[in-house]
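In the working numbering, the protein residues as written are 48 to 271.
Here is the structure we will look at, set down as structure tokens.
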């Protein structure tokens with residue numbers, strides 16, 4: 048192989064790798080943050096980070112190979128669909144495990160201790176976006192969109208899930224939604240989605256009522 052051809056191949060390989068990194072630079076930063084946080088505090092809420100990191104790393108390698116060898120966009124679609132299916136399987140498994148734990152906990156309606164209790168106490172770290180006397184909003188460590196914020200009531204008070212809400216809790220429910228739109232409007236001026244998962248079939252994996260604020264990309268429909 049001539050020096051000229053070798054130089055061209057090396058240059059293409061470097062260019063392909065760099066292009067892939069630039070396209071996925073935000074994902075790479077998030078991967079680094081998630082890996083550090085997961086090492087510092089290993090708990091159920093974060094347990095999907097490793098599979099998500101593996102999927103993202105796989106996508107980085109795939110993009111580099113595509114840039115080098117010119118694989119088709121249909122291959123790209125297949126890879127993304129596989130990653131999506133893997134993530135969905137992880138979430139369903141987590142929801143089933145959380146539902147089983149919730150059902151086996153004390154029958155007082157309080158539910159088991161969750162990761163959010165440790166975040167609220169300061170035992171585990173979080174990146175706060177908003178806080179007042181009744182509500183806390185922080186960034187999800189396993190984001191499903193460029194912007195993914197969790198909004199929770201500071202005092203669970205039986206609000207393990209939305210379907211458990213009492214009539215006297217209308218105020219906190221309204222305030223949660225108001226905070227969700229406030230942070231969503233600020234961080235995602237082009238639009239955002241608010242999601243509440245309820246129960247096992249709703250894929251709820253943390254039994255402390257919480258709202259997901261997702262944005263920064265075009266959302267599809269129908270969800271789920």
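By construction, the Cβ of each residue, glycine as well, lies at the ideal position given by its N, Cα and C atoms.
Everything numeric in this text was worked out from a predicted model, so none of it was measured.
Limits of the unbroken beta strand (DSSP E) element including residue i
i           : result
residue 184 : 182-186
residue 242 : 239-242
residue 178 : 175-178
Beta-carbon spacing of residue i, residue j below 8 Å
i           : j           : result
residue 198 : residue 184 : yes
residue 231 : residue 239 : yes
residue 219 : residue 200 : yes
residue 253 : residue 182 : no
residue 261 : residue 162 : no
residue 263 : residue 235 : yes
residue 152 : residue 159 : yes
Closest Cα partner of residue i within the set the options
i           : options            : result
residue 145 : 247, 267, 175, 262 : 247
residue 255 : 267, 149, 150, 206 : 206
residue 179 : 148, 202, 208, 190 : 202
residue 175 : 208, 221, 136, 195 : 195
residue 209 : 242, 235, 192, 177 : 242
residue 140 : 160, 269, 266, 251 : 251
residue 186 : 264, 259, 136      : 259
residue 257 : 267, 268, 222, 237 : 222
residue 204 : 173, 164, 228      : 164
residue 237 : 265, 229, 136, 149 : 265
residue 13  : 224, 245, 229, 171 : As displayed, the chain neither begins before 48 nor continues past 271, which places residue 13 out of reach and without an answer.
residue 229 : 138, 190, 269, 177 : 177
Host alpha helix (DSSP H) of residue i (start-end)
i           : result
residue 271 : No alpha helix (DSSP H) holds residue 271; DSSP gives it neither H nor E.
Strand pairing of residue i, partner residues [DSSP]
i           : result
residue 214 : Note: residue 214 sits in no beta bridge, so no partner.
residue 272 : The question about residue 272 has no answer here: the residues shown for the chain are numbered 48 through 271.
Whole alpha helix (DSSP H) runs in the region 138-168 with 4 or more residues, listed along the chain? 162-168
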